[in-house]
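The structure appears below as structure tokens.
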Amino acid sequence: MALGILGPETGFERKEGGKNQNIPELVRTLVDNANNTLEWLNGMGANLVHVVIAGGATNPRTHAPEGGGAVGPVIVKTLEKAAKDQGIEIFTDTKVTEITTDGNGRVTGVKAASKEKGDLVVRAKAVIVATGGFGANPEMVAQYNPALKGFDTTNHPGATGDGIKMATAVGAATVQMENIQTHPTVVPHKGLMITEAVRGTGAILVNHKGDRFIDELQTRDVVSKAILDQEKGTAFLLFDQGVRENLKAIEEYARLNLLTEADTLDELAAKLSIPAGRLTETVKRYNGFVAAGKDSDFGRQHLQRKLAKAPFYAVEVTPAVHHTMGGLAINTRAEVLNKAGQPIPGLYAAGEVTGGIHGANRLGGNAVADIVVFGRIAGRQAAEFVKK
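203 is the number of the first residue of the sequence shown in the working numbering; add one for each residue after it.
Pasting the structure below:
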């Protein structure tokens with residue numbers, strides 16, 4: 203979650219990372235509300251105190267739980283508890299099928315189908331669409347970005363773009379639907395993402411010859427292309443026990459048997475079918491860059507630690523569809539806009555279902571920041587709207 207060390211360069215990072223396709227006022231809103239959103243989450247017990255650097259960033263500013271565990275589950279549990287403590291009912295196994303409006307185009311609620319309660323009609327003056335993107339809808343991905351046809355996805359099965367479809371059915375506009383991001387480090391054919399924090403904590407990428415080929419902390423699109431250009435279109439994420447000890451998220455990868463482990467680099471190279479001695483030479487050269495404080499090969503700016511503490515680990519990775527940057531058009535109040543650029547009365551949206559915040563490429567950690575910042579804005583604005 204990119205919610206720390208916010209200076210004048212922060213908005214620039216997002217715009218540069220998004221190839222200047224970001225909508226400026228949405229970026230400004232995200233940046234201006236990031237710090238107080240982090241404080242809000244931590245005030246409810248999220249304890250996001252572990253800070254690492256993500257690809258494309260100039261400083262460590264991505265926050266995770268203590269020890270570096272996955273941030274998503276912690277935020278979900280934190281917000282779920284806060285909602286239940288206030289008596290808010292959460293419907294599970296319930297699929298919204300339609301956003302309803304009156305003859306004037308004002309939102310009147312939703313229709314839904316519940317496994318337990320059957321068909322439902324919910325009357326409401328305001329509806330917030332927070333259904334996520336469409337990364338798990340291969341037909342929709344191929345429709346908007348044919349180059350990604352056949353790619354695996356990291357997304358959960360429900361990320362099928364239903365919220366976008368329901369909102370456009372009542373007149374919502376979409377923006378930048380072709381902007382779809384791949385995450386560079388995903389286990390082939392499994393859709394299991396290896397968090398960017400592994401590289402941010404010190405890991406490197408090597409190809410099947412045992413050579414580094416990229417600044418590992420470049421933006422996701424750059425690293426993804428570099429991996430696809432390698433033999434087999436895959437690479438190995440390489441790290442040591444020192445990295446593992448500083449990032450709790452790695453324990454889950456070990457539990458899932460995703461890691462290849464060895465006591466020496468030569469032994470690891472043999473297990474990976476990398477030429478003998480080459481991996482050792484690559485790591486020796488990289489460790490020299492760490493000692494010198496300068497990566498003479500690829501210009502990596504953040505050289506966190508030498509890779510020198512056994513055992514050593516590797517996991518084969520390849521890019522997969524990860525985040526759909528395009529989506530519903532919104533303004534800074536999270537109001538969904540129609541094709542004329544006007545708000546649809548009572549309709550709000552937040553998170554990956556929206557478009558224009560990240561431009562052509564999202565920086566690591568910014569999805570969670572986007573979700574929570576604009577989720578809060580949508581909630582406040584919807585609450586004010588229903589009072590009118």
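Where is the CB? At the ideal position from N, CA and C, for every residue including glycine.
Predicted model, so just to flag it, every value in this text is computed and none were measured.
What do you get for residue 459, buried or exposed, if any count of 16 or more other CB atoms within 10 angstroms of its CB means buried?
Exposed.
Between residue 472 and residue 521, what straight-line distance do the alpha-carbon atoms span, to the nearest angstrom?
One C-alpha to the other measures close to 24 angstroms.
Enumerate, from N- to C-terminal direction, the unbroken beta strand (DSSP E) stretches of 3 or more residues contained entirely within the stretch 301 to 386.
Entirely contained in the stretch 301 to 386, the beta strand (DSSP E) runs reaching 3 residues are, in chain order, 309 to 316, 320 to 325 and 329 to 331.
Spatial neighbours of residue 315 within its chain, please: CB distance less than 8 angstroms, with the 5 preceding and 5 following residues excluded, ordered by chain position.
So the list reads 296, 297, 299, 321 and 322, once near-sequence residues are dropped.
For residue 580 and residue 469, what's the separation of their Cα atoms in angstroms?
Approximately 53 angstroms, taken between the alpha carbons.
Assuming residue 336 contacts residue 361 under a Cβ cut-off of 8 angstroms, what Cβ separation, rounded to an integer in Å, is found between them?
Their Cβ separation, rounded to whole angstroms, is 6 angstroms, which keeps residue 336 and residue 361 in contact under 8 angstroms.
Go ahead and pull the three-state DSSP assignment for residue 293.
Coil.
Run the CB neighbour count on residue 391, radius 10 Å, all protein chains shown included, and call it buried at 16 or more, exposed below.
Exposed, since its Cβ has fewer than 16 Cβ neighbours within 10 Å.
Starting from residue 474, follow the alpha helix (DSSP H) in both directions and report where the run begins and ends.
Where residue 474 is concerned, the enclosing alpha helix (DSSP H) stretches over 467 to 474.
Could you work out which residue in 330, 409 and 339 is closest to residue 429 when comparing CA atoms only?
With distances taken between Cα atoms, residue 429 lies closest to 409.
Going by alpha carbons, who is nearest to residue 404 out of 515, 279, 528 and 554?
The option with the nearest alpha carbon to residue 404 is 515.
Kindly identify the DSSP beta-bridge partner or partners of residue 442.
514, per the DSSP bridge assignment.
Does the stretch 446 to 457 touch the stretch 261 to 281, meaning 3 or more C-beta pairs lie closer than 8 angstroms?
Counting Cβ pairs under 8 angstroms, three or more are found: they touch.
Can you give me the Cβ contacts of residue 540 inside the same chain, cut-off strictly under 7 angstroms, excluding the 5 residues immediately before and after it?
Hits under 7 angstroms: 373, 374, 375 and 546.
Could you give the distance in angstroms between the alpha-carbon of residue 542 and the alpha-carbon of residue 267?
Computed Cα separation, rounded: 42 angstroms.
Does the Cβ-Cβ distance between residue 532 and residue 224 come in under 8 angstroms?
Contact flag unset, no.
Looking only at its chain, what residues have a beta carbon closer than 6 angstroms to the beta carbon of residue 380, apart from the 5 residues adjacent to it on each side?
Closer than 6 angstroms at Cβ, skipping near neighbours: 346 and 347.
Within this structure, are the beta carbons of residue 382 and residue 527 separated by less than 8 angstroms?
Cβ atoms of residue 382 and residue 527: closer than 8 angstroms.
DSSP on residue 225, reduced to helix/strand/coil?
In this structure, residue 225 counts as coil in the three-state DSSP scheme.
Considering Cα atoms alone, identify which of 230, 238, 281 and 517 is closest to residue 400.
With distances taken between Cα atoms, residue 400 lies closest to 517.
Going straight from the alpha carbon of residue 308 to that of residue 318, what length do you get?
Cα to Cα, residue 308 sits roughly 29 angstroms from residue 318.
Which same chain residues, not among the five before or five after residue 210, have their C-beta less than 8 angstroms away from its C-beta?
Residue placement at residue 210 cannot be trusted, given a pLDDT of 45 that sits under 50; what the coordinates show is reported in the next sentence. Nothing meets the Cβ criterion.
Whole angstroms are fine: how far does the CA of residue 589 sit from the CA of residue 396?
Answer to the nearest angstrom: the Cα atoms are 45 angstroms apart.
Decide if residue 368 is buried, meaning its Cβ has at least 16 other Cβ atoms within 10 Å, or exposed.
Burial call: buried.
Using DSSP with H/G/I as helix, E/B as strand and the rest coil, what is residue 250?
Three-state result, residue 250: strand.
Identify whether residue 396 lies in helix, strand or coil by the three-state DSSP scheme.
Correct three-state label for residue 396: coil.
Sort 411, 343 and 303 by Cα distance to residue 370 and report the nearest one.
The shortest Cα separation from residue 370 among 411, 343 and 303 belongs to 303.
When we look at the beta-carbon of residue 339 and count the other beta-carbons within 10 Å, is it buried (16 or more) or exposed?
Counting Cβ neighbours within 10 Å, residue 339 comes out buried, since at least 16 surround it.
Can you give me the C-alpha to C-alpha distance between residue 311 and residue 301, rounded to a whole angstrom?
Distance between the alpha carbons of residue 311 and residue 301 is about 6 angstroms.
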